Amino acid sequence: MEVPWLLLCLALSLSVVPPAASQRQQQPPPGCRRRCGNVTVPYPFGIGAGCHRGSAAGGFRLRCDDARRPPRLTVSGYGHEVAAISLPAAEATVLLNASRACYDRPGDPGGRVVSLREQPMELNGSAFLFSSMKSKFVSVGCPGVAYFTDGDGYYVTGCMSVCRPSERALPGSCRGDDGCCQSTIPLGLASYRPHLGSFRGQETTFLANSTACAYAFMVDAWWFWFAGSHFNRTGDFAVPVVLDWAIRDAPGCAAAQREPDNYACRSAHSVCLESSNGPGYVCNCTDGYRGNPYVVDGCTDVDECQHRDEFPCYGACVNTPGSFTCTCPKGSSGNATILDGCRPDNKFSSALKAVIGIAVPGMRF
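With mature numbering (1 follows the signal peptide of the UniProt record, and there is no 0) applied, the sequence shown covers -22 to -1, 1 to 343.
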C-alpha cells in the first residue's frame, strides 16, 4: 500500500514544477543590459539573446551598436533606429529618413528629377504598428504630389501641395496651398512605402514659387511644425515616428489569460488592457503602483506623500498600499488636499456664536 502513496506524491510534485519553470522563462535573466546610449530598454524589450520576450523576429529584440557615438539602438531584423520606449503608453519612437525628389530646374516645366530617394519602413511580423493617433503623413515642397501604399501595393493615403503667391496666402499652416500638406493614417498599418510625384509639365500656375526639392515622410504629429525653412532643404534628414506596440501572440486579454504560462502581465499589481491598435494586449500597473508590469514584482507602491506635486496634501499624509490618506491636523477640519482647505475648529464655533448672538440678542453662551 506504500507504493501508490509514493506515486501520488511524485505526481503532485511534478505537477507543480512546470508553471514555476515557465514563469522563469518569461522573465529576463539577471545581467541583461538595459541602456544603450541615452535610451532605456525595459523588458519585454531586450538587448541580445534571452533578454527579451518572444522570438528574435518579434520586434522585442534590440541591438546596440557601441561603435557609433552616441551608441545606436535598432530593432533586430528591421534596422529601425529607436529613440525612446514607453511602457505606460505602449509606444516607441523610431527615426525614419525622409523621402525626397530634387529637380535640376525648379519652376521649369521641362525640369527633370536629378535625385529621388523613397524611404519605406516595414513592420510586418513585429510587435509594432504605426500610431494613427500620434503620427501623420506630411509632404513639403512646391509643387508636389505624395502618397504611400501598403505592403501589398494598395494606396493608403496622400496629399498634394502648391505654393500660392504671398499676397494670396490663406490663413492656417500646412493646408496644401502653402507648400505643405498632411494626411492622417489609418489603424492597423504595418507597412509604409512612399511615392513622390509632381505637377511639372502642367500649366505654369502650379509651377509658381517652385522649390528645388520635395519631401514626404511619416512623422510624430506633435514634433513636426511647418516653417518656411523647410523649403531650403536639399539634403537628407531623419524625423521621429511614433509606433504603437503590443503583445501580439494572443488576440486580446481573455485569450491571453487562458494561457497563464505565456501571459505577459507578471506583476501582482498589474492589469491587462486591450490593444488600441491592432490585435493583442498591453499591461499596466494598477492605480497607486508604478514600474514594469511585465516582470514579477515589477509594479511597486507609489509613496504619494513623497510626491506632493502630483498628489497634493496640505495636512497629515500617510502612505498606504496603493493609495494614501490626507487629513487635516488635529484641531482643524475640512479638505486637506486643497490649499487652505483646513480651518481651525474654534474659528467655526466662534463665527457660529457671533451669528447666533446677533440673531438672538441677550442669549448667553
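Virtual Cβ for every residue (Gly too), placed ideally from N, Cα, C. Just so it is clear, the structure is predicted and the values come from calculations on it, not from any experiment.
DSSP beta-bridge partners for residue 71? Partner(s): 62 and 220.
Just to confirm before moving on: does the CB-CB distance between residue 95 and residue 129 stay below 9 Å? no
When the Cα atoms are used, what is the spatial distance from residue 27 to residue 306? 54 Å
Can you give the beta carbon distance from residue 191 to residue 80, rounded, assuming they're within the 8 Å contact cut? Contact annotation, residue 191 with residue 80: C-beta distance approximately 4 Å; criterion of less than 8 Å satisfied.
Mapping DSSP to helix, strand and coil, what is residue 190? coil
Select from 107, 173, 153 and 101 the residue whose C-alpha is nearest the C-alpha of residue 135. 173
Proximal residues to residue 253 (C-beta, below 7 Å), its chain only, five neighbours per side dropped: 224, 259 and 260
Under 9 Å between C-beta atoms, does residue 268 make it to chain D? Protein chain content of the structure displayed is limited to a single chain, and chain D is not contained in it.
Alpha carbon of residue 230 to alpha carbon of residue 10, nearest angstrom: 28 Å
So the alpha helix (DSSP H) residue 250 belongs to, where does it begin and stop? Note, residue 250: premise wrong, no alpha helix (DSSP H); beta strand (DSSP E) at 248 to 252.
Any idea if residue 63 is buried or exposed, counting beta-carbon neighbours within 10 angstroms, 16 or more meaning buried? buried
Find out if the Cβ-Cβ distance for the pair residue 25, residue 110 is shorter than 9 Å. No; because the gap between Cβ atoms is not below 9 Å, this pair is not in contact.
If the criterion is Cβ atoms closer than 9 Å, does the pair residue 204 and residue 76 meet it? Going by C-beta atoms, residue 204 is not nearer than 9 Å to residue 76.
Would you kindly work out how many angstroms separate the C-alpha atoms of residue 235 and residue 251, rounded to a whole number? Rounded to the nearest angstrom, the two C-alpha atoms are 12 Å apart.
Run through DSSP, which three-state label would residue 36 get? helix
When you compare only the Cα positions, how much space is there between residue 226 and residue 256? 8 Å
Kindly indicate which three-state DSSP category residue 262 falls into: helix, strand or coil? strand
Within the continuous alpha helix (DSSP H) that includes residue 403, where are the two ends? Coverage of the chain is limited to positions -22 through 343, which leaves residue 403 absent and any answer about it impossible.
Here's the rule: buried if 16 or more other CB atoms are within 10 angstroms of the residue's CB, otherwise exposed. What is residue 140? buried
Enclosing beta strand (DSSP E) for residue 138 [first to last residue]: 133 to 139
Can you grab the Cα-Cα spacing for the pair residue 279 / residue 271, in whole Å? 12 Å
Assuming residue 37 contacts residue 53 (C-beta within less than 8 Å), just tell me the rounded distance between them. 6 Å
Starting from residue 345, trace the beta strand (DSSP E) both ways and give me its first and last residue. No answer is possible for residue 345: the residues shown for the chain start at -22 and end at 343.
Just the C-alpha distance for residue 15 and residue 274, rounded to the nearest angstrom, thanks. If you take the alpha carbons of residue 15 and residue 274, they lie about 26 Å apart.
Near residue 310, what residues of its chain come up, given a Cβ to Cβ distance below 7 Å and the 5 sequence neighbours on each side ignored? A distance below 7 Å between beta-carbons, with the five flanking residues on each side excluded, links residue 310 to the following residues of its chain, in chain order: 320, 321, 322 and 323.
Please report how far the alpha carbon of residue 160 lies from the alpha carbon of residue 123, in whole angstroms. 11 Å
Can you give the beta carbon distance from residue 266 to residue 300, rounded, assuming they're within the 8 Å contact cut? 3 Å
Residue 114 to residue 43, Cα distance in whole Å? 29 Å
Does DSSP classify residue 323 as helix, strand or coil? helix
What is the C-beta distance between residue 198 and residue 68, in whole angstroms, given that I count them as a contact (C-beta under 8 Å)? Contact flag wrong, Cβ pair sits at about 16 Å.
If you follow the beta strand (DSSP E) that residue 76 is part of, which residue opens it and which one closes it? That residue, residue 76, is in no beta strand (DSSP E); it is neither H nor E in DSSP.
Can you tell me whether residue 121 is buried or exposed? The criterion is at least 16 other CB atoms within 10 Å of its CB, across all chains shown. Classification of residue 121: buried, given that the 10 Å Cβ count is 16 or more.
Would you mind stating whether residue 193 and residue 117 have Cβ atoms separated by less than 9 Å? yes
For residue 297 versus residue 277, is the C-beta distance shorter than 9 Å? no
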